[in-house]
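*Asks:* Chains F and L supply the protein sequences, listed in that same order. If you read the first sequence in my numbering, its first letter stands for residue 1, the second for the next number, and so on. If you read the second sequence in my numbering, its first letter stands for residue 432, the second for the next number, and so on. In this text, a Cβ means the ideal position worked out from N, Cα and C, and glycines have one as well.
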Amino acid sequence: MVAQILFLVLTLAAIALFTVNLRKIIRNIRLGKSVDRKDQPQKRLMTMLRVAFGQSKMVVRPIPAFLHFFVYIGFVIINIEVLEIMIDGLFGTHRIFNGLGGLYNFLIGSFEILAFTVWVSCAIFLIRRNILKLKRFSGVEMKSWPKSDANYILITEILLMSAFLLMNAADAKLQLLGSAHYVNAGAFPVSQYLINILPSTEGALVIVERSCWWFHIIGILAFLNYLPYSKHFHILFAFPNTYFSNLEPKGEFTNMVSVTNEVKAMLDPSFVPAETESGKFGAKDVTDLSWVNLMNAYTCTECGRCTSVCPANITGKLLSPRKIMMDTRDRITEVGQNIDKHGAEHQDGKSLLDDYISREEIWACTSCNACVEACPVNIDPLQIIMELRRFAVMEESQAPGSINAMMGNIENNQAPWKYSPADRFNWAEEK
Amino acid sequence: MAELMAAGEEPEILFWVGCAGSYDERAQKITRDICKILHHVGIKYAVLGTEESCTGDPAKRAGNEFLFQMQAMTNIEVLNAYNIKKIVTGCPHCFNTIKNEYPGLGGTYEVIHHTQLIQDLINEGKLKAEGGESFKGKKITYHDPCYLGRGNGIYEAPRKALEVLDAQLVEMKRCKSNGLCCGAGGAQMFKEPEKGNKDINVERIDEALETNPQVIAAGCPFCMTMLSDGIKLKDKEQEVKVLDIAEITARANGL
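1. When burial is assigned at 16 or more other CB atoms within 10 Å of the CB, is Ser-230 of chain F buried or exposed?
2. Please confirm whether Gly-584 of chain L has its beta-carbon closer than 8 angstroms to some beta-carbon of chain F.
3. With DSSP as the reference, identify every bridge partner of Trp-213 of chain F, one or two as the case may be.
4. Using a C-beta cutoff of 8 angstroms, does Gly-279 of chain F count as contacting chain L?
5. Just how far apart, CA to CA, sit Ala-370 of chain F and Ile-207 of chain F?
6. Give a yes or no on whether the minimum CB-CB distance between Arg-581 of chain L and chain F is below 8 angstroms.
7. Can you look up Ser-290 of chain F in the DSSP assignment and give me helix, strand or coil?
8. Comparing alpha-carbon positions, which option in L:Leu-552, L:Ile-585, L:Leu-600 and L:Gly-580 lies nearest Lys-569 of chain L?
9. Distance check for Cys-613 of chain L and Ala-437 of chain L, CA to CA, integer angstroms please.
10. Could you list which residues in chain F have their beta carbon closer than 7 angstroms to that of Met-501 of chain L, in chain order?
11. Please say whether Ile-357 of chain F and Ala-490 of chain L have beta carbons closer to each other than 8 angstroms?
12. As an exercise, report each continuous alpha helix (DSSP H) stretch of at least 4 residues that is fully enclosed by the stretch 211-285 of chain F, in chain order.
13. Please return the same chain residues whose Cβ sits closer than 6 angstroms to the Cβ of Tyr-700 of chain L, not counting the five positions on each side in sequence.
14. What are the start and end residues of each continuous alpha helix (DSSP H) run of 4 or more residues lying completely inside the stretch 449-532 of chain L, in chain order?
15. Which word fits Ile-127 of chain F, buried or exposed, when buried means at least 16 other C-beta atoms lie within 10 angstroms of its C-beta?
16. Is any beta-carbon of chain L found at less than 8 angstroms from that of Phe-188 of chain F?
17. Buried or exposed: which applies to Glu-209 of chain F, given that a residue is buried once 16 or more other Cβ atoms fall within 10 Å of its Cβ?
18. Under 7 angstroms Cβ-Cβ, which residues of chain L neighbour Arg-389 of chain F?
19. For the structure I just gave you, are there three or more beta carbon pairs, one from the stretch 299-307 of chain F and one from the stretch 347-354 of chain F, closer than 8 angstroms?
20. Measuring CA to CA, which of F:Gln-55, F:Met-86, F:Leu-31 and F:Lys-38 is closest to Ile-15 of chain F?
21. What distance in whole Å lies between the Cβ atoms of Thr-462 of chain L and Ile-549 of chain L, which are believed to be in contact at a cut-off of 8 angstroms?
22. Using beta carbons (cut-off 8 angstroms, strictly below), is Asn-412 of chain F in contact with chain L?
23. Just checking my contact of Phe-215 of chain F with Ala-283 of chain F at CB under 8 angstroms: how many whole Å lie between their CB atoms?
24. Please work out which residues of its chain come closer than 6 angstroms, Cβ to Cβ, to Phe-499 of chain L, disregarding the five sequence neighbours upstream and downstream, and give them in chain order.
25. Starting from Glu-541 of chain L, trace the beta strand (DSSP E) both ways and give me its first and last residue.
26. Cβ closer than 8 angstroms: which chain F residues qualify as neighbours of Tyr-578 of chain L?
27. For the stretch 258-269 of chain F against the stretch 52-67 of chain F, are there 3 or more C-beta pairs whose distance is under 8 angstroms?
28. Pull the bridge partners of Asp-675 of chain L from the DSSP assignment, please.
29. Which value, in whole angstroms, describes the spacing of the CA atoms of Glu-360 of chain F and Val-372 of chain F?
30. For Arg-390 of chain F, which residues in the same chain have their Cβ closer than 6 angstroms to its Cβ, ignoring the five residues on either side in sequence?
31. Measure the CB-CB distance between Val-472 of chain L and Phe-446 of chain L and report whether it falls below 8 angstroms.
32. I need the DSSP call for Tyr-193 of chain F, collapsed to helix, strand or coil.
33. With respect to the alpha helix (DSSP H) encompassing Gln-337 of chain F, which residues constitute its N-terminal and C-terminal limits?
34. Establish whether the CB of Ala-399 of chain F and some CB of chain L are separated by less than 8 angstroms.
35. Could you name the residues of the same chain whose beta carbon sits closer than 8 angstroms to that of Ile-687 of chain L, not counting the 5 residues immediately before and after it, in chain order?
36. Taking just the CA atoms, how far does Ser-367 of chain F sit from Glu-141 of chain F?
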């Protein structure tokens with residue numbers, strides 16, 4: 001009874017804490033500017049099913065895709081087992097689903113195999129990060145916390161899977177001993193090999209089984225509450241992020257409505273613009289970005305596929321699309337903390353541009369869309385870069401000199417070079 | 432175009448030449464070859480001549496939405512005044528801008544890139560590869576322009592235009608949706624690159640040269656500049672030619 005109450009309290013506390021943090025993140029995302037991403041629901045649903053559920057963009061790199069698939073499928077399917085653990089925990093039952101008979105054995109057997117593949121995949125991931133030191137996982141933005149974060153996630157998953165398998169092994173041994181509480185249920189294709197390393201007395205086995213059971217479920221609840229602080233948040237946000245992702249051709253950049261109104265008014269003085277959201281042009285800080293940009297930042301799991309294909313980054317420039325996303329997340333988190341501590345009106349005098357992302361970074365971009373193409377969850381770092389450029393150019397007139405010259409040429413000669421408009425047709429004459 | 436209009440005629444298609452195609456000496460050759468192809472197949476086409484002006488693409492990518500929309504609206508006024516329905520461009524940047532970004536500002540046209548036109552003409556049997564220079568067996572590698580490939584998902588048209596040559600097509604390691612940028616996009620064409628350890632066009636040329644090509648095929652005047660500069664830097668101008676798909680098509684047909 002005490003155990004059941006303890007379980008209930010822990011579960012409720014974990015869910016409550018997670019809800020509080022999740023709501024904060026959603027509030028932070030809503031600080032972004034509005035953008036309509038509710039059109040074409042069917043196409044959006046298909047995109048989410050294909051890209052997030054179907055992992056379609058992962059296959060470009062087969063080895064991590066293969067390993068990630070095991071971890072992903074393991075995560076999704078082993079959650080059925082968590083349901084049983086929850087019911088058992090609340091009602092003091094043991095393996096409540098065993099009435100399913102053959103199906104139950106099949107399920108438990110499958111969970112074990114999946115748990116094993118998750119274990120192995122995570123171990124390989126750790127090796128890739130820490131021993132093979134793959135280039136994709138390094139970079140200026142991958143020091144300190146982001147580096148530890150990745151390792152904590154992998155180690156936690158290995159520990160959770162170990163506890164799950166060890167728990168099953170103890171259970172299986174107790175079943176063999178004919179222990180009263182441990183009904184014959186489940187199949188143990190993996191944990192049967194662990195039986196020999198366990199103690200042989202019933203009392204010790206119960207301790208092992210119960211410890212692993214508690215460790216496993218407390219671990220899951222703790223991990224749930226780790227998510228909002230971690231890059232691992234992608235396991236939840238990958239779904240809305242792909243659903244609300246851009247469906248237009250990647251080459252198409254948004255036309256700013258506020259500018260259209262001004263240009264129309266300039267060309268036709270009788271034009272009266274409809275009321276629109278006023279504000280600055282482009283983005284200086286995260287709150288000038290759209291909510292989709294901010295959701296992108298919370299979704300990023302820092303895999304670095306974007307940076308590894310960025311032509312600027314490949315050739316040694318400062319720009320790293322992954323850093324753009326991480327900076328955006330760090331800054332929006334900071335803005336959110338400011339609101340919590342000092343109220344909504346507080347200004348800390350900092351901004352995304354300059355305090356997090358430098359001018360050198362935004363001007364190194366070739367807008368080639370390789371980062372957008374590479375992202376397995378449809379994150380768009382390019383849009384953030386473009387918004388920062390818009391602010392630099394339209395609000396501050398702070399573009400590199402040669403860019404100013406190019407724009408001057410377009411204004412005066414209708415071409416980015418300094419040629420006379422009268423000579424535009426000369427190509428037809430010379431031969 | 433003004434002349435056709437005065438004569439009370441309408442073109443089947445408007446050829447949008449673009450700034451590079453109008454002023455850049457190397458790109459002017461491509462422009463003339465596109466005209467030769469149009470002429471060869473007997474399409475009634477027109478150009479805007481001095482009435483054409485920059486689409487605003489480099490201004491937009493640099494962040495100057497004002498200048499972009501000023502350019503766009505001026506161009507749309509001209510295009511709509513001539514009742515233009517279909518446009519072929521010689522440049523993926525013009526293509527992308529007119530096709531995707533003009534409709535929202537009141538300019539809706541059927542827009543194709545010249546490699547798509549060439550593919551269509553080949554499919555219709557109006558264009559072959561005969562009567563000119565033979566590319567048979569030659570090693571050709573095609574460089575995907577970002578605003579044609581990733582930007583608009585056009586990977587097959589330029590390749591189809593090359594397949595008809597009976598040449599040996601080889602792909603670079605990074606091609607199609609994974610293609611590496613030449614380094615000119617996003618208004619980089621008009622500025623010095625930021626500090627780094629290599630220029631992007633050199634990285635790309637190194638990769639192209641790994642395929643041991645005789646021809647590097649391009650479909651964009653900016654890629655053309657970047658790749659040609661790379662080839663010059665590597666001192667390979669004699670062995671390797673950088674040619675636009677339109678130039679290759681024109682040569683193969685003896686135009």
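*Replies:* Reading it off the structure:
1. Within the first sequence, residue 230 of chain F is the residue found at index 230, counting from 1. Buried: at least 16 other Cβ atoms inside 10 Å.
2. Mapped onto the second sequence, residue 584 of chain L falls at position 153. It does: the Cβ of Gly-584 of chain L has a partner Cβ on chain F nearer than 8 angstroms.
3. Residue 213 of chain F sits at position 213 when you count from the first residue of the first sequence. Beta-bridge pairing links Trp-213 of chain F to no other residue.
4. Residue 279 of chain F sits at position 279 when you count from the first residue of the first sequence. It does not: the Cβ of Gly-279 of chain F has no partner Cβ on chain L nearer than 8 angstroms.
5. The sequence position of residue 370 of chain F within the first sequence is 370, counting from 1. The sequence position of residue 207 of chain F within the first sequence is 207, counting from 1. Ala-370 of chain F and Ile-207 of chain F: Cα-Cα distance of roughly 53 angstroms.
6. Position 150 of the second sequence, counting from 1, holds the residue named residue 581 of chain L. Chain F, which has a Cβ nearer than 8 angstroms to the Cβ of Arg-581 of chain L, makes this yes.
7. Mapped onto the first sequence, residue 290 of chain F falls at position 290. In this structure, Ser-290 of chain F counts as strand in the three-state DSSP scheme.
8. Numbered from its first residue, the second sequence carries residue 569 of chain L at position 138. If we check each option's Cα against that of Lys-569 of chain L, L:Leu-600 comes out closest.
9. In the second sequence, counting from the first residue as 1, residue 437 of chain L sits at position 6. In the second sequence, counting from the first residue as 1, residue 613 of chain L sits at position 182. Going by the C-alpha atoms only, they are around 42 angstroms apart.
10. Here residue 501 of chain L refers to the residue found at position 70 when the second sequence is read from its first residue. Result: Val-263.
11. The sequence position of residue 490 of chain L within the second sequence is 59, counting from 1. The sequence position of residue 357 of chain F within the first sequence is 357, counting from 1. No. Outside cutoff.
12. 234-243 and 257-267
13. No answer is possible for residue 700 of chain L: the residues shown for chain L start at 432 and end at 686.
14. 450-454, 456-471, 488-493, 496-512 and 523-527
15. Start at 1 with the first residue of the first sequence, and residue 127 of chain F comes out as number 127. So Ile-127 of chain F counts as exposed.
16. Locating residue 188 of chain F in the first sequence gives position 188, counting from the first residue. Not an interface residue.
17. Mapped onto the first sequence, residue 209 of chain F falls at position 209. Label assigned to Glu-209 of chain F: buried.
18. Taking the first sequence and counting its residues from 1, the one referred to as residue 389 of chain F is at position 389. Those are Ala-493 and Gly-494, listed as they occur along chain L.
19. no
20. In the first sequence, counting from the first residue as 1, residue 15 of chain F sits at position 15. Out of F:Gln-55, F:Met-86, F:Leu-31 and F:Lys-38, F:Met-86 has the C-alpha closest to the C-alpha of Ile-15 of chain F.
21. The residue labelled residue 549 of chain L in the question sits at position 118 within the second sequence. The residue labelled residue 462 of chain L in the question sits at position 31 within the second sequence. Not confirmed; about 14 angstroms, so no contact.
22. Residue numbering aside, residue 412 of chain F sits at position 412 when the first sequence is read from its first letter. Answer no: the Cβ-Cβ gap between Asn-412 of chain F and chain L never drops below 8 angstroms.
23. Start at 1 with the first residue of the first sequence, and residue 215 of chain F comes out as number 215. Start at 1 with the first residue of the first sequence, and residue 283 of chain F comes out as number 283. With 8 angstroms as the limit, Phe-215 of chain F and Ala-283 of chain F do not qualify as a contact, their Cβ atoms being about 45 angstroms apart.
24. As a working mapping, residue 499 of chain L is identified with position 68 in the second sequence. For Phe-499 of chain L, where only same-chain residues beyond five positions count, the Cβ hits under 6 angstroms are Gly-487, Ala-490 and Lys-491.
25. On the second sequence, residue 541 of chain L is found 110 positions in, with the first residue counted as 1. Run containing Glu-541 of chain L: 541-544, per the beta strand (DSSP E) assignment.
26. Within the second sequence, numbered from 1, the residue matching residue 578 of chain L stands at position 147. What Tyr-578 of chain L touches in chain F: Gly-251.
27. no
28. What you label residue 675 of chain L is simply residue 244 of the second sequence in a count that begins at 1. In DSSP, Asp-675 of chain L forms a bridge with L:Ala-649.
29. Sequence index remark: in the first sequence, residue 360 of chain F carries index 360 (1-based). Sequence index remark: in the first sequence, residue 372 of chain F carries index 372 (1-based). Each residue's Cα considered, the two are about 20 angstroms apart.
30. As a first step, residue 390 of chain F must be located in the first sequence, where it is residue number 390. Here the set comprises Phe-281 and Gly-282.
31. The residue given as residue 472 of chain L occupies position 41 in the second sequence. The residue given as residue 446 of chain L occupies position 15 in the second sequence. In this structure, Phe-446 of chain L does not lie closer than 8 angstroms to Val-472 of chain L by Cβ.
32. Start at 1 with the first residue of the first sequence, and residue 193 of chain F comes out as number 193. Here Tyr-193 of chain F sits in helix by DSSP.
33. Along the first sequence, read from residue 1 onward, the residue named residue 337 of chain F stands at position 337. That run of the alpha helix (DSSP H) goes 321-342.
34. Taking the first sequence and counting its residues from 1, one reaches residue 399 of chain F at position 399. It does; some Cβ of chain L falls within 8 angstroms.
35. Summary: the structure shown does not reach residue 687 of chain L, with chain L confined to residues 432 through 686, and so no result is reported for it.
36. Position 141 of the first sequence, counted from the first residue, corresponds to residue 141 of chain F. Position 367 of the first sequence, counted from the first residue, corresponds to residue 367 of chain F. Cα to Cα, the separation comes out at about 21 angstroms.
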